[in-house]
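Engineer:
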Amino acid sequence: MHSTAIVSILAVMVGACSPIDKKVELSGISAGAARMAGPGDTVMDFRVTKPLPNAFGQADIFGRTTNAGKVSVRYLGNQDGRAVFERSDVSVESNATTMNQTPMMIPQTSETRVSGMVGGTPVSGNATSTSYSYVGPRPTTSYATASRPLGIALRPGESVSIEGRSLTVIGIAGSSVEYRID
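Here is the structure:
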């Protein structure tokens, strides 16, 4: 019995100690298909999230996440036979944790006692009722920091890796670009 309790505690501690790694996800664009873009169009948009840290500074065991920023790539136009893109990074820092983002339900129990006489017979009864008060998550503070935009110029057939994905320029026609994301 004692060893089972120790094993259970160790299992919870190990589960509560997974590292906090940021996750980057490409939003709304299917990979592999050729696409066209004009000046000012967003060609890649990544959403960055990270797990809520728990009381041990590790990832939330329930998988809850918080916004950690975004990365976007816009097509600006072409210059000297090259497609010109601009990469913009925004990082978001927050004080959100599992401790301040977990709502609480607080039970409130009341008991009522009734006694009296019915036709000369003494009667009594007890009734217990429970209601719940909901206390929502506390407000958190976050701030965003934008990095200086980075210019990228690619000739047809050239590619660049951005957040683990490849942006390849297929061709340039007028002010538009044909590209593929893999």
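Numbering (my numbering) for the sequence shown: 1 to 182.
Glycine included, C-beta positions come from ideal geometry on N, C-alpha and C.
(1) Report yes or no: do the segment 44-57 and the segment 119-139 share at least 3 C-beta pairs separated by less than 8 Å?
(2) Less than 8 Å between the CB atoms is what I'm expecting for T65 and S94, so what's the real figure, rounded?
(3) Round the Cβ separation of F85 and L76 to the nearest angstrom and send it over; I've been treating them as touching at under 8 Å.
(4) How would you label Y132, buried or exposed, when you count the other beta carbons within 10 angstroms and need 16 or more for buried?
(5) Given G183, which residues of its chain have a CB within under 8 Å of its CB, disregarding the five upstream and five downstream residues?
(6) Taking only the alpha-carbon atoms, compute the straight-line gap between G174 and I162 and give it to the nearest angstrom.
(7) Out of G136, A83, G120, state which residue places its alpha-carbon closest to the alpha-carbon of M104.
(8) Could you give the DSSP three-state label for K22: helix, strand or coil?
Structural biologist: Quick look at the numbers:
(1) The segment 44-57 vs the segment 119-139: no contact.
(2) So it is not a contact: roughly 11 Å between Cβ atoms.
(3) So it is a contact: roughly 7 Å between Cβ atoms.
(4) It is exposed - the Cβ of Y132 has fewer than 16 other Cβ atoms within 10 Å.
(5) In this structure the chain extends from 1 to 182, so residue 183 is not present and cannot be described.
(6) Rounded to whole angstroms, the gap between the alpha carbons of G174 and I162 is 25 Å.
(7) Considering only alpha carbons, the answer is G136.
(8) Secondary structure at K22: coil, using DSSP grouped into helix, strand and coil.
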